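Residue numbers (our numbering): 834 to 963. Quick reminder that beta carbons are idealized off the backbone N, C-alpha and C, glycines included. Every value quoted in this text rests on a predicted model; they were computed, and no experiment measured them. Below is one structure, written out as structure tokens; comments come after it.
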């Protein structure tokens with residue numbers, strides 16, 4: 834795949850570096866909020882604009898739920914959802930897709946720090962309107 838087709842390549846690469854640094858320093862046995870605190874510290878150090886615990890309103894008028902919160906919004910472009918679970922499944926994937934659709938963002942990254950080998954999942958929004 835060429836870099837031309839990768840969504841936000843430089844920013845994604847920087848975020849990947851942050852995730853791996855946090856994983857290497859904290860290991861895979863911390864709580865989700867500890868990983869988020871470490872990510873936040875590195876985002877500040879690298880002067881990357883972000884919002885933490887951002888309330889995502891549903892794009893559906895029938896749903897009035899303010900409990901949907903994205904862990905991080907990066908540069909008003911990328912959603913980061915942090916997990917500390919043994920297994921991340923369809924529910925977590927759908928959560929990120931829901932946030933992408935509601936915010937009309939192109940890219941979300943789902944990161945599970947409780948895996949033995951860190952593998953951030955890039956989730957694209959094919960419905961994104963420019």
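Boundaries of the alpha helix (DSSP H) around residue 872: 865 to 878. Of the candidates 862, 901, 844, 905, 905 places its Cα closest to the Cα of residue 874. Annotation for residue 887: the continuous beta strand (DSSP E) segment containing it runs 883 to 888. Sorting 943, 888, 955, 936 by C-alpha distance to the C-alpha of residue 962 places 936 at the top.
DSSP places residue 905 in the strand class (E or B) of the three-state scheme. Across the set 840, 855, 891, the C-alpha of 855 shows the shortest separation from the C-alpha of residue 876.
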